[in-house]
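One structure below.
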Amino acid sequence: MMTDADRKALMEIADVVFDEPMRDHTTFKVGGPAEAFVSPDRDELPLLLKCARDRDIPVIILGNGSNVLVSDDGLQGLVISIGRNISGISVIGSEITCGAGEMISAVSRAAANAGLSGLEFAAGIPGSAGGAVVMNGGAYGGQISDVLTKVEILTAELQFTTLAKDELALGYRHSIFMEEKHRGDIILSASMELTLGDEEEIFAAMEDFNARRRDKQPLNYPSAGSTFKRPEGYFAGALIEQSGLKGFKYGGAMVSDKHCGFVINTGDASASDILYVINHIKDVVYEKTGVTLEEEVRIL
1 MMTDADRKAL MEIADVVFDE PMRDHTTFKV GGPAEAFVSP DRDELPLLLK
51 CARDRDIPVI ILGNGSNVLV SDDGLQGLVI SIGRNISGIS VIGSEITCGA
101 GEMISAVSRA AANAGLSGLE FAAGIPGSAG GAVVMNGGAY GGQISDVLTK
151 VEILTAELQF TTLAKDELAL GYRHSIFMEE KHRGDIILSA SMELTLGDEE
201 EIFAAMEDFN ARRRDKQPLN YPSAGSTFKR PEGYFAGALI EQSGLKGFKY
251 GGAMVSDKHC GFVINTGDAS ASDILYVINH IKDVVYEKTG VTLEEEVRIL
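If you use the working numbering, the sequence shown corresponds to residues 1 to 300, in order.
What follows is the structure in structure tokens.
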């Protein structure tokens, strides 16, 4: 627990709020309070990290909260949201650069408005650009690694530096930022190289992807998107449905009957309800099929 002196030290750096409900910052719409919560700008970020380190305050880095499940008990320490204060989009020629806190869907639209093709797949992804890089996010046959050229980061040693794409070990829902050695690194911006295209065709492709998303995914319920990674040679949603779990419900959490790859909050779920359903799915799918499902959702 933080002391009054800890709180005062943090508040001298940035606009920190205390006991902030995490349900207001996650797409699952669940989660207890963060002991301290802040959405800093670029200059405040290293100062906050140094203060937290000097005072042994745990730090959790959060993007848009679209791929996390936060405990009902909340989070101790300082939650740093890389959001509106580390954002912005610029286009120079065929290169688009965005702040890590920018929504990747907004970057996709900005690219389309500039007549640039390559980010259509991201039109409906509900995460931040930084989160999309961390997860090498993708949809409909495209992924961030297809277009990414470099990222600017703040290292765990509080140094600003730039890493090229080939230094990021990008794979299926993986980057170096998910590895222990780099967990202290924070993405500040991302640059992507796109190609000139026909604006009408680009927007038509984006609308097609969004229409498919609306048709197949339970977008009218809070969720974290696809709950599980795709097992090699299988589809998680199909395995879950084949295992008889379509519509399975516990408390306010349910396996979507529209797309079994989604665990949804039907309105009054707790994080515990959601976690129970996730673990039940893993147990039953393994028992029925022998396939071990791995969460795509980050559990805090």
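We treat Cβ as the ideally placed atom computed from N, Cα and C, and that holds for glycine. These figures come from a predicted structure and were not determined experimentally.
Original post:
Of all the options G127, A14 and N113, which has the alpha carbon lying nearest to the alpha carbon of F37?
Top reply: A14
Subject >> Three-pair Cβ contact test at 8 Å for the region 108-124 versus the region 32-48 >> reply: no
Original post:
Using 8 Å as the Cβ pair cut-off and three pairs as the minimum, do the region 250-257 and the region 269-281 touch?
Top reply: yes
Original post:
Can E296 and F235 be called in contact, C-beta distance under 8 Å?
Top reply: no
Original post:
If you draw a straight line from the alpha carbon of L219 to that of M135, how long is it in whole angstroms?
Top reply: 21 Å
Subject >> For L48, three-class secondary structure by DSSP >> reply: helix
**OP:** Confirm, please, whether the CB-CB distance from S66 to G225 is below 8 Å.
**Re:** yes
**OP:** Express the C-alpha separation of S189 and Q159 in angstroms, rounding to a whole number.
**Re:** 14 Å
Original post:
Is K258 helix, strand or coil when you go by DSSP?
Top reply: coil
Original post:
Whole-angstrom Cβ separation of V70 and A271, contact assumed at under 8 Å?
Top reply: 6 Å
Original post:
Straight-line CA distance for F177 to R183?
Top reply: 6 Å
**OP:** Could you check the C-alpha separation between S90 and G99 for me, to the nearest Å?
**Re:** 9 Å
Original post:
Is the beta carbon of L10 less than 8 Å from the beta carbon of V16?
Top reply: yes
**OP:** Would you identify the three-state DSSP class for Y250, choosing helix, strand or coil?
**Re:** strand
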